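Q: Here it is, the structure in full.
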Amino acid sequence: MTLGVEEMHLNNMESAPHFNFKDVLWAPARALSAKQILVMTLFLLMGLGVYDLFTYLAYAVNGESVSRAFSVYGFFPFERFVFDSWSAQGVYATGMALSVLSVMLGFLGVGAINIEAVRGNRFFSAKQAIKFAFGRFTQVFFAEISIVMFVGFIILLFFLLGLVSRIPVVGEWIFILLFAVPNFIIAIISIFIIFVFSLTVLLLPAVAAAERRGETFTAILETFSTIILQPFRWAGYTVYAIVAAKACSFVYAYFAYRAVQLLTWSAALGGGVKIRRLVESGLANLPVKSDVCRETCNLLPEVKFGFDLYAVAGVPSDSMAAYAMAFMIFLVFASVIGYMFAIIAAGQARGYVALRYIKDGYSVADEDSLFFTPEPVNEEVGVKERRPVPDNEND
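Heads up: the sequence shown begins at 182 in our numbering, then just goes up one per residue.
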């Protein structure tokens with residue numbers, strides 16, 4: 182007997198969500214998939230490329246030597262830069278904003294994979310997730326810009342109020358009379374909006390991934406309502422996802438470290454000591470003494486338990502082979518960071534599904550997939566096909 186459409190759809194689904202903390206609890210396991218790590222890693226690399234481009238462009242606008250700066254920082258200019266000119270500061274700030282948007286697109290792609298899995302589509306590919314993330318770029322971008330413009334409008338109103346206060350005698354009294362009501366109330370609401378805006382980096386991509394029509398206003402509304410109506414649950418889900426992401430990414434990093442050691446040792450049995458020196462020199466060309474590298478190879482901040490890449494690094498080399506080896510090792514390291522961010526994105530997506538049900542009674546799991554339609558199947562054996570009755574047979 183053939184399966185019906187509903188039964189086939191159910192067989193493709195993962196277990197039904199619990200709409201509570203249990204859904205977020207398994208985020209590290211959900212995110213441990215090649216396609217989610219790949220999607221997140223690619224967008225992280227894109228964010229790094231955008232950041233590097235605008236950082237060195239800011240150096241050029243500031244009138245400094247780009248080649249000299251690159252010789253010092255390389256592809257990882259993560260120092261706290263202070264530029265003299267406003268134009269250079271604007272270029273650097275633009276690069277920072279675009280790199281954050283790149284990471285948000287990665288969150289969006291990973292979130293879409295998890296949302297589609299909740300809807301029953303376990304075959305949502307990495308290619309589809311990347312395409313979906315780029316397709317929703319305008320939604321995320323305009324959502325962020327709308328919040329920034331609203332806060333900017335409030336600041337403009339206060340600026341105009343400051344100009345009014347310059348009026349002799351009357352201006353000061355206008356400022357005083359309006360200080361508590363409504364200016365203070367507007368200011369404290371604006372501070373709250375700015376605070377929520379800083380959190381949209383995490384939650385907005387998950388909301389956009391679950392939003393079916395790509396509407397900017399709906400994404401903003403759902404993001405704010407989730408944080409306002411369920412602040413403690415969302416904070417708990419987020420804190421757990423971040424801590425779990427750090428701990429689980431360390432485990433992944435340790436296994437990757439041992440895997441590279443095994444690969445190098447095994448290859449050196451046939452290739453000789455030059456294989457080991459090649460890997461060590463490639464590792465030495467990377468910033469293994471940086472804070473990012475040190476914390477990635479450590480279990481948790483302030484918990485001294487981990488491994489040291491600097492201790493096994495060799496002597497830096499300017500050969501093309503050493504640089505190519507450094508790039509390969511960097512890809513392995515990037516996948517560790519990608520897995521960590523993928524856990525956070527998966528936790529946000531799964532948590533939003535639970536919070537949407539808790540606050541609105543709406544189940545995202547009951548929605549149809551945006552990218553999968555069950556194929557029609559034959560009717561079950563023994564069920565006689567019904568055909569329409571011609572009009573002349575009714576006479």
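From the three backbone atoms N, C-alpha and C, an ideal C-beta is built for every residue, glycine too.
This one's a predicted model, so the numbers in the text were calculated from it and none came from an experiment.
1. How is residue 308 classed by DSSP in three states: helix, strand or coil?
2. Taking all protein chains shown into account, decide if residue 442 is buried (16 or more other Cβ within 10 angstroms of its Cβ) or exposed.
3. What is the residue span of the alpha helix (DSSP H) that residue 470 lies within?
4. In the DSSP assignment, the alpha helix (DSSP H) including residue 220 goes from what residue to what residue?
5. What residue from 274, 226 and 205 has the CA that sits closest to residue 257's CA?
6. According to DSSP, is residue 334 helix, strand or coil?
7. Between the alpha carbons of residue 402 and residue 309, how many angstroms are there, rounded?
8. To the nearest angstrom, how far is it from the Cα of residue 421 to the Cα of residue 428?
9. By a C-beta neighbour count over all protein chains shown, 10 Å radius and 16 as the cutoff for buried, is residue 521 buried or exposed?
10. Leaving out five residues on either side along the sequence, give the residues of the same chain with a beta carbon under 8 Å from the beta carbon of residue 510.
11. For residue 156, is the classification buried or exposed, using 16 other Cβ atoms within 10 angstroms of its Cβ as the cut-off for buried?
12. Taking the CB atoms as reference points, tell me whether residue 352 and residue 345 lie closer together than 8 Å.
13. Counting along the chain, where does the beta strand (DSSP E) carrying residue 480 start and finish?
14. What distance in whole Å lies between the Cβ atoms of residue 231 and residue 279, which are believed to be in contact at a cut-off of 8 Å?
15. If distances are taken between C-alpha atoms only, which option among 347, 410, 491 and 446 comes closest to residue 472?
16. For residue 252 and residue 246, what's the separation of their Cα atoms in angstroms?
17. What residues in its chain sit with their C-beta under 7 Å from that of residue 281, if we drop five residues either side in the sequence?
18. Could you check which residue in 533, 503, 550 and 219 has the C-alpha nearest to that of residue 513?
19. So what does DSSP say about residue 486, is it helix, strand or coil?
20. Going straight from the alpha carbon of residue 213 to that of residue 445, what length do you get?
21. Straight-line CA distance for residue 587 to residue 198?
22. I need the DSSP call for residue 303, collapsed to helix, strand or coil.
23. Excluding five sequence neighbours on each side, which residues of the same chain lie with their C-beta closer than 6 Å to the C-beta of residue 507?
24. Count the C-beta pairs between the stretch 409–421 and the stretch 521–536 that are closer than 8 Å, then say yes if the count reaches three, no if not.
25. Quick check: residue 288 and residue 386, are their CB atoms within less than 8 Å of each other?
26. Distance, Cα to Cα, residue 200 vs residue 409?
27. To the nearest whole angstrom, what separates the beta carbons of residue 498 and residue 397, a pair I think is in contact under 8 Å?
28. Which same chain residues end up closer than 8 Å to residue 255 when comparing Cβ atoms and leaving out the 5 residues on each side of it in sequence?
29. Beta-carbon separation of residue 380 and residue 311 under 8 Å?
30. Expressed to the nearest angstrom, what Euclidean distance is found between the alpha-carbon atoms of residue 476 and residue 360?
31. Enumerate in chain order the residues of its own chain whose CB-to-CB distance from residue 526 is below 6 Å, with the five nearest sequence positions on each side excluded.
32. Taking the beta carbon of residue 182 as the centre, do at least 16 other beta carbons fall within 10 Å, making it buried, or is it exposed?
33. Got a sec? Which residues, its chain only, sit under 6 Å from residue 294 by beta carbon, not counting five neighbours each side?
34. How long is the line joining the alpha carbons of residue 322 and residue 449, rounded to whole angstroms?
35. Exposed or buried, which one is residue 524 when buried takes at least 16 other CB atoms within 10 Å?
36. What does the Cβ neighbour count give for residue 482, buried or exposed, with the cut at 16 atoms within 10 Å?
A: A quick look at the data gives this:
1. In the structure shown, the three-state DSSP call for residue 308 is helix.
2. Burial check for residue 442: the Cβ neighbour count within 10 Å stays below 16, so the residue is exposed.
3. In the DSSP assignment, residue 470 falls outside any alpha helix (DSSP H) and carries neither an H nor an E.
4. Here the alpha helix (DSSP H) through residue 220 covers 215–242.
5. The residue with the shortest Cα to Cα distance from residue 257 is 226.
6. In this structure, DSSP gives residue 334 a helical state, which the three-state scheme calls helix.
7. Looking at the two C-alpha atoms, the distance is approximately 26 Å.
8. So the alpha carbons of these two residues sit roughly 11 Å apart.
9. By the Cβ-count criterion, residue 521 is buried, with 16 or more other Cβ atoms from all chains shown falling within 10 Å of its own Cβ.
10. 441, 460, 463, 464 and 467, listed in sequence order.
11. The structure shown does not extend to residue 156, since the chain is modelled only from 182 through 576, so no value can be given for it.
12. Pairing residue 352 with residue 345 gives a Cβ-Cβ distance under 8 Å.
13. It spans 479–481 - the beta strand (DSSP E) in which residue 480 sits, taken as one unbroken run.
14. Contact between residue 279 and residue 231 holds: CB atoms are separated by about 5 Å, below the 8 Å threshold.
15. The shortest C-alpha separation from residue 472 is found at 491.
16. Each residue's Cα considered, the two are about 10 Å apart.
17. Within the same chain, and ignoring the five residues on either side of residue 281 in sequence, the residues whose Cβ sits closer than 7 Å to its Cβ are 382.
18. By alpha-carbon distance to residue 513, the top candidate from 533, 503, 550 and 219 is 219.
19. Three-state DSSP puts residue 486 in a strand.
20. Those two C-alpha atoms are separated by around 25 Å.
21. Lying outside 182 to 576, the shown extent of the chain, residue 587 is not represented and no answer is given.
22. Coil, per DSSP.
23. The residues are 463, 466 and 467.
24. Yes, since at least three Cβ pairs between the stretch 409–421 and the stretch 521–536 fall closer than 8 Å, the two stretches touch.
25. At the C-beta level, residue 288 and residue 386 come within 8 Å of one another.
26. If you draw a straight line from the Cα of residue 200 to the Cα of residue 409, it comes to about 18 Å.
27. Contact between residue 498 and residue 397 does not hold, since their C-beta atoms are separated by about 50 Å, which reaches or exceeds 8 Å.
28. Closer than 8 Å at the Cβ level, and outside the excluded window around residue 255, lie 468.
29. It is not a contact, given that the beta carbons lie outside the stated cut-off.
30. Answer to the nearest angstrom: the Cα atoms are 46 Å apart.
31. These residues qualify, in order along the chain: 288, 291 and 292.
32. Unreliable placement is indicated for residue 182, whose pLDDT of 38 sits below 50; the coordinate value is still reported in the next sentence. Exposed, because fewer than 16 other Cβ atoms sit within 10 Å of the Cβ of residue 182.
33. Excluding the 5 residues flanking it on each side, residue 294 has same chain C-beta neighbours closer than 6 Å at 217, 305 and 310, in chain order.
34. Taking C-alpha positions only, residue 322 is separated from residue 449 by approximately 49 Å.
35. The C-beta of residue 524 has 16 or more other C-beta atoms within 10 Å across all chains shown, which makes the residue buried.
36. Counting Cβ neighbours within 10 Å, residue 482 comes out exposed, since fewer than 16 surround it.
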